[in-house]
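Notes follow once the structure below has been shown.
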Amino acid sequence: MISEKKALTRHADVPGMDVIDHYIKDGGYQGLEKALKRVPQDIVEEVKKSFLRGRGGAGFPTGLKWSFLPKEKTKPFYLVCNADEGEPGTFKDRIIMENDPFLLIEGMTITGYAIRADLGFIYIRGEFKWIAEKLEKAIEQAKKKNLLGKNILNSNYCFDIKVMRGAGAYICGEETALLESIEGKRGEPRTKPPFPANVGLYGCPTIVNNVETLACIPFILQHDAETFKLMGSFQAAGTKLYGISGHVNKPGVYEYPMGTNLKDLIQYAAGGVKNSKKLKAVIPGGLSATILKADEIDVNMDFDSCLKKDTMLGSGGIIVMDEDTSIPEVAMTTINFFTHESCGQCAPCREGLAKIQQILKNLLAGNGTANDLKTIDELANIINGSTLCPLGEAGALAVNAMIQKFRPEFESLVN
Ligand SMILES: Cc1cc2nc3c(=O)[nH]c(=O)nc-3n(C[C@H](O)[C@H](O)[C@H](O)COP(=O)(O)O)c2cc1C
Ligand code: SF4
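Structure below.
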């Protein structure tokens, strides 16, 4: 059996969390009060000690990222919250923003203080219009309570948050494309380095963090780094919001210790495979993650354990497929998505994904040839490592892994 641990969903059973007085009554803003009594560098150190790793997909250590900002402040510093949540199979950030908007706002206010930011942005996917409105109302409430704006809690610290809505492009979840989009430009990734911590929004030092990452900050400051760390499992700190979808009895978002076993999450959190069918495959970390066969799911869901199994934790979006699922059709859906979302800047991604898409389309239409699977493998190898951002290789490698692991299904399509 596994047991839920509630750090991010600790207010989940309390209604009306979008009213600031309710949030405060339930312990909200204690983290900010404690933070403002410390110097900013102290908070960066506390977050480093917590071993918090970014929940946006790459798992970069959060405190370390913050420490990359220039020591000297000659320009404004910005904090950007990545609420694009575009990865297929991912629907956890919206749970935080919909149910507990002040958790994110408090997290951003503490982070803004720690990194000496002048202004914060929440870049939210365009489809989440009602959530954007909810956040705007919450920001207004926080300002009225002197918990945001000028001279917060009479500390001399000034910080404001603006909500910006995207226009539905997956690539705008990539942090530098996101910054371009905020600046009013076409959402295309920038060349890195320089990294946003040095040259970010409007050329100024900027920290980009995911919603879930920022929502962990109030807990760390209200309690301490050690308490947060111990919420996780032996090898991985804190809790994780796992979004489980597909052929399960109870799809949803569940908070468990980071590193909880995938098999147990499917069985106990999501109630097992629907209609007593057999499990066929699982994509563990959003569509970009390498697919696992049913006999490969004995894996702890943390960044390092997933890498050891040649897949990734990514966003923690777990997609479960039963025995009736056609993997070639899953591959087709996958390549359609990535081809459509390619920004087109680099040829291997733009042309390579389109070529794989065409080959798969032919295969599924019964017009494939014996060479097709080899060609996809070669294309995936060419795209891998030759693109400006990870989107191209994510699409190609995800599809290629489906072919390698479920080869007979694809071979049966060849004439
Ligand atoms: C194509 C692509 C899409 C991405 N989409 C998201 C997203 O929707 N949300 C997110 O937080 N990070 C996304 N990322 C990761 C961000 O670039 C960045 O690493 C993250 O926001 C950093 O936050 P963290 O350190 O808190 O994880 C995406 C990356 C790529 C390459
Ligand atoms: S890999 Fe694809 S999405 Fe990323 S920059 Fe290149 S063309 Fe654009």
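Using this note's numbering, the letters of the sequence shown map in sequence onto residues 3 to 417. Note that CB positions come from ideal geometry on N, CA and C, so glycine has one too.
- Take the alpha-carbon of E395 and the one of N383: they are about 9 angstroms apart.
- For the stretch 68-107, the full-length alpha helix (DSSP H) segments reaching 4 residues or more read 95-101 along the chain.
- Collapsing the DSSP output to three states places Y172 in a helix.
- A217 is positioned such that its CB atom lies closer than 8 angstroms to that of I98.
- Looking at the DSSP output, A283 sits in a beta bridge with K295 and M323.
- If you look at V416, you'll find it isn't in any beta strand (DSSP E); DSSP assigns it neither H nor E.
- In this structure P90 is not in contact with P207, their Cβ atoms being roughly 32 angstroms apart against a cut-off of 8 angstroms.
- In the displayed model, Y25 falls within a helix according to three-state DSSP.
- Of all C-beta pairs linking the stretch 367-375 to the stretch 296-310, fewer than three are shorter than 8 angstroms, placing the two stretches out of contact.
- In this chain, N211 is not harboured by any alpha helix (DSSP H); it is covered by the beta strand (DSSP E) spanning T208 to N212.
- Inter-residue distance for Y125 and S344 is about 20 angstroms (C-alpha atoms, whole angstroms).
- For D297, the number of other beta carbons within 10 angstroms of its own is below 16, and it is reported as exposed.
- One alpha carbon belongs to R192, the other to I133, and they sit about 28 angstroms apart.
- Beyond the five residues adjoining it in sequence on each side, T11 comes within less than 7 angstroms, by CB distance, of E257 in the same chain, given in chain order.
- For N158, there are no CB contacts under 6 angstroms within the same chain when 5 residues up- and downstream are skipped.
- In this structure, the C-beta of D86 approaches ligand 1 to less than 7 angstroms from one of its heavy atoms.
- Look at E48 here: in three-state DSSP terms it is helix.
- About 5 angstroms separates the CB atoms of L203 and L181; that is less than 8 angstroms, so the two are in contact.
- Secondary structure at P63: strand, using DSSP grouped into helix, strand and coil.
- Residue side-chain check: S344 places its Cβ nearer than 7 angstroms to a non-hydrogen atom of ligand 2.
- The nearest non-hydrogen atom of ligand 1 is less than 7 angstroms from the C-beta of G175.
- In the assembly as shown, N402 is a buried residue. Its beta-carbon has 16 or more other beta-carbons within 10 Å.
- Comparing alpha carbon positions, the residue from S388, I112 and P78 closest to A199 is P78.
- With a threshold of 7 angstroms, the Cβ atom of E182 does not count as near ligand 2, since no heavy atom of the ligand is closer than that.
- When the Cα atoms are used, A169 and T178 turn out to be separated by approximately 16 angstroms.
- For M334, the enclosing alpha helix (DSSP H) starts and ends at I329 to E343.
- Under the three-state reduction of DSSP output, L243 falls in the strand class.
- The continuous beta strand (DSSP E) containing E257 extends over residues G254 to P259.
- Set against 7 angstroms, the gap from the CB of G56 to the closest heavy atom of ligand 1 is smaller.
- At the C-beta level, K279 and N251 stay beyond 8 angstroms of one another.
- Closest by C-alpha distance to P330, out of Q406, V255 and R352, is Q406.
- Relative to the Cα of H249, the nearest Cα in the group F53, M314 and T327 belongs to T327.
- Taking non-hydrogen atoms of ligand 2 into account, the C-beta of L216 is found less than 7 angstroms away from none of them.
- Counted as a single uninterrupted DSSP element, the beta strand (DSSP E) harbouring D162 occupies residues D162 to R167.
- For the 8 angstroms CB-CB criterion, P350 and T389 form a contact.
- At least 8 angstroms separates the beta-carbon of I107 from that of I219.
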